[in-house]
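Participant: Following this message is one structure expressed as structure tokens.
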Amino acid sequence: MRALLIDRELWEVVEKDVTDIITAAKAAKAAINEAEQMKKDRSAQNQIITCIGNRDLKITKTAKSAHDLWKKISSIYEQKGLSAKLLLMKQFSAFSMSENSKMQDHINNLQDLVDQLAAVDEIISDHVMTMVLLRSLP
Numbered sequence: 008m009r010a011l012l013i014d015r016e017l018w019e020v021v022e023k024d025v026t027d028i029i030t031a032a033k034a035a036k037a038a039i040n041e042a043e044q045m046k047k048d049r050s051a052q053n054q055i056i057t058c059i060g061n062r063d064l065k066i067t068k069t070a071k072s073a074h075d076l077w078k079k080i081s082s083i084y085e086q087k088g089l090s091a092k093l094l095l096m097k098q099f100s101a102f103s104m105s106e107n108s109k110m111q112d113h114i115n116n117l118q119d120l121v122d123q124l125a126a127v128d129e130i131i132s133d134h135v136m137t138m139v140l141l142r143s144l145p
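Position in the sequence shown counted from 1, then plus 7, gives you our numbering.
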């Protein structure tokens, strides 16, 4: 999701609150169009909303900006404590392919899990990931 927002030049309004961006730009006497920033903010919010699941849409109702929405989602999904790391490591060590899943979906699920582990500062080498992938096959 972050890469999508960066690609569409919307990450700035997610990383910083749009009012802070406008205030900073005015303070620096930079030429900025407030309406354009608000449009970018709405666009970033829309991109985030389209990427999250239906069960999480209730989170979006109270968000006032893309930055606010990102902070709410991050607080839910990016828990960096020891318990989050332990849970992810448990999922990684028990990772297995269900009988009805497609190989590409299985690989994507493993990559998602490895990415989540990297987000909590637990880097998994390609060698270990390959071993877990091979062990996970039926």
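We put the CB at the ideal spot given by N, CA and C, even for glycine.
From D14 to Q52, what does the alpha carbon distance come to, in whole angstroms?
Facilitator: Each residue's alpha carbon lies about 15 Å from the other.
Participant: For my contact list, I56 and Q44 are in at a C-beta cut-off of 8 Å; report their separation, rounded to the angstrom.
Facilitator: That belief does not hold up - the Cβ atoms of I56 and Q44 are roughly 19 Å apart, past 8 Å.
Participant: Please tell me whether V25 and S81 are closer than 7 Å, where the distance is taken between their beta carbons.
Facilitator: Not a contact, by the Cβ cut-off of 7 Å.
Participant: Label L117 either buried or exposed according to how many other C-beta atoms from any shown protein chain fall within 10 Å of its C-beta, with 16 as the threshold for buried.
Facilitator: L117 should be labelled buried.
Participant: Could you say if the region 103–110 and the region 122–129 meet the contact criterion of at least three C-beta pairs nearer than 8 Å?
Facilitator: The answer is no - the region 122–129 does not touch the region 103–110, with fewer than three Cβ pairs under 8 Å.
Participant: Does the separation of the CB atoms of L146 and Q123 fall below 7 Å?
Facilitator: This structure gives no information on residue 146, because the portion of the chain shown stretches from 8 to 145.
Participant: Please name the residue, chosen from M136, K33, A42, M8, that lies closest to S100 on a Cα-to-Cα basis.
Facilitator: Here the closest residue by C-alpha is M136.
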